[in-house]
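Numbering (this note's numbering), first residue to last: 54 to 316.
By construction, the Cβ of each residue, glycine as well, lies at the ideal position given by its N, Cα and C atoms.
Single-structure report; data block below.
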C-alpha cells in the first residue's frame, strides 16, 4: 500500500487537518506528523538552534506525531526518524486560506513542507482552501459545525493524490501546489496554472517602533489568464506545478556577456 506522510503548517489541531487525514486513510497508509503549534509564514525554514521534541496524541482514532518545530522539520524527522523507509508521497494541508502567487507560495509553511520533501527526493503535494467571502476572521469558517467545507476539500485533495499516486510527475515538476475554491466540490472544474506574480506590500504594523505582523490584502487587479489567482477567482481548482530549479536558463548567456564585458 502506498505510504503517505501528512503534515501542515496550521498545527495538528487545525480544523483542516483531520478531514484530510480521515480521507487519505481510506486508500493509503498514512502517518500524521504535524507541528504542535501554528507555523504559518515560516516557509521551508529548518530549526537549527532549537532542540526539537516529539510526542504522540490522538485525533479520533488516528495517532498523531507532534513536533515543536516547523513543517519542514516535521518532514525531515518524519522521513528519517518516524518512517522505517521513506514514504512514497508527502502531503501537506489542508491550509486554512489560499497560497496563491510567488510571494505567498515562497512564504507558506504548507508549501515549504512539500518543498522539503521534494528536495529529499519524495513526490509531494500541498493543498490550500480559499477563505470565505467574509474573510479569515469569520467565526463560521472555524466552526466545527462547518466541517462539510473541509471534508469537501479533503475529498478533492484525496482525488488528486490518488491520481499522482499511480503516475509520475511530468518532467520538470518537483512538487504541486493545489488551491481549492471555498465552494468547490468533487465535481468542480480545474485549471493547470502558473503562480501569479504578486506583491503583498507592507507586512508589519509600526507602533512606536514595535512591529507586529498584519495579514496583507489580496490585489485582485489585472488578473492574468492562466494564473492560480485567476483560476480561483473563476471558481476553479488551481493546480500549479512548481520547479525548484532556481536558475533562469534563458538569462545565463546574457549574464555571462554582461560580466565578460564589464569585469
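(1) Determine the contact status of residue 119 and residue 108, defining contact as a CB-CB distance below 8 angstroms.
(2) So, helix, strand or coil for residue 146, using DSSP?
(3) Check whether the segment 110–126 touches the segment 61–71, counting contact only when three or more Cβ pairs, one atom from each stretch, lie closer than 8 angstroms.
(4) Tell me the residue span of the beta strand (DSSP E) that contains residue 243.
(5) In whole angstroms, give me the CA-to-CA distance for residue 222 and residue 135.
(6) The alpha helix (DSSP H) spanning residue 125 covers which residue range?
(7) Have a look at residue 127 and residue 310 and give me their C-alpha separation to the nearest angstrom.
(8) Report buried or exposed for residue 148, applying the criterion of at least 16 other Cβ atoms within 10 angstroms of its Cβ.
(9) If contacts are defined as beta-carbon pairs under 8 angstroms, then residue 94 and residue 177 qualify, I think. What distance do you get, rounded to the angstrom?
(10) Would residue 296 and residue 226 be called neighbours here (beta carbons separated by less than 8 angstroms)?
(11) What is the DSSP secondary structure of residue 317, counted as helix, strand or coil?
(12) What do you reckon, are the CB atoms on residue 285 and residue 269 nearer than 8 angstroms?
(13) Does the segment 81–90 touch the segment 58–65, meaning 3 or more C-beta pairs lie closer than 8 angstroms?
(14) Go through its chain and collect everything with a Cβ distance to residue 141's Cβ below 8 angstroms, but skip five positions before and after it.
(15) Report yes if the CB atom of residue 282 is closer than 8 angstroms to the CB atom of residue 249, and no otherwise.
(16) Relative to the alpha-carbon of residue 79, which residue among 117, 207, 267 and 89 has its alpha-carbon at the smallest distance?
(17) Whole angstroms are fine: how far does the CA of residue 253 sit from the CA of residue 97?
(18) Report the CB separation of residue 124 from residue 163 in whole angstroms; it is logged as a contact under 8 angstroms.
Checking against the coordinates, here is how it stands:
(1) By 1-based counting over the chain shown, the position of residue 119 is 66. By 1-based counting over the chain shown, the position of residue 108 is 55. In this structure, residue 108 lies closer than 8 angstroms to residue 119 by Cβ.
(2) Taking the chain shown and counting its residues from 1, one reaches residue 146 at position 93. It is a strand residue.
(3) yes
(4) As a working mapping, residue 243 is identified with position 190 in the chain shown. It spans 243–245 - the beta strand (DSSP E) in which residue 243 sits, taken as one unbroken run.
(5) If you number the chain shown from 1, residue 222 lands on position 169. If you number the chain shown from 1, residue 135 lands on position 82. Approximately 25 angstroms, taken between the alpha carbons.
(6) Residue 125 sits at position 72 when you count from the first residue of the chain shown. First-last of the alpha helix (DSSP H) with residue 125: 124–130.
(7) For the purposes of this step, residue 127 is identified with residue 74 of the chain shown, where counting begins at 1. For the purposes of this step, residue 310 is identified with residue 257 of the chain shown, where counting begins at 1. The straight-line gap from Cα to Cα measures roughly 43 angstroms.
(8) Indexing the chain shown from 1 puts residue 148 at position 95. When all chains shown are included, residue 148 counts as buried.
(9) Your numbering for residue 94 matches position 41 in the chain shown. Your numbering for residue 177 matches position 124 in the chain shown. Going by Cβ atoms, the distance from residue 94 to residue 177 rounds to 19 angstroms, so no, they are not a contact pair.
(10) Position 243 of the chain shown, counting from 1, holds the residue named residue 296. Position 173 of the chain shown, counting from 1, holds the residue named residue 226. Taking 8 angstroms as the Cβ cut-off, residue 296 and residue 226 qualify as a contacting pair.
(11) Residue 317 cannot be examined here, being either before or after the span of the chain that is shown, 54 to 316.
(12) Within the chain shown, the letter at position 232 stands for residue 285. Within the chain shown, the letter at position 216 stands for residue 269. Their beta carbons are not under 8 angstroms apart, which means residue 285 does not touch residue 269 by this criterion.
(13) yes
(14) Here the question's residue 141 lines up with position 88 in the chain shown. Cβ neighbours of residue 141 beyond the five flanking positions: 55, 56, 57, 175, 176 and 218.
(15) Locating residue 282 in the chain shown gives position 229, where the first residue counts as 1. Locating residue 249 in the chain shown gives position 196, where the first residue counts as 1. For residue 282 and residue 249, yes; Cβs fall inside 8 angstroms.
(16) Indexing the chain shown from 1 puts residue 79 at position 26. That would be 207, whose Cα lies nearest to the Cα of residue 79.
(17) Start at 1 with the first residue of the chain shown, and residue 97 comes out as number 44. Start at 1 with the first residue of the chain shown, and residue 253 comes out as number 200. So the two alpha carbons sit approximately 19 angstroms from each other.
(18) Translated into the one-based positions of the chain shown, residue 124 becomes position 71. Translated into the one-based positions of the chain shown, residue 163 becomes position 110. Residue 124 to residue 163, Cβ: 7 angstroms. Contact.
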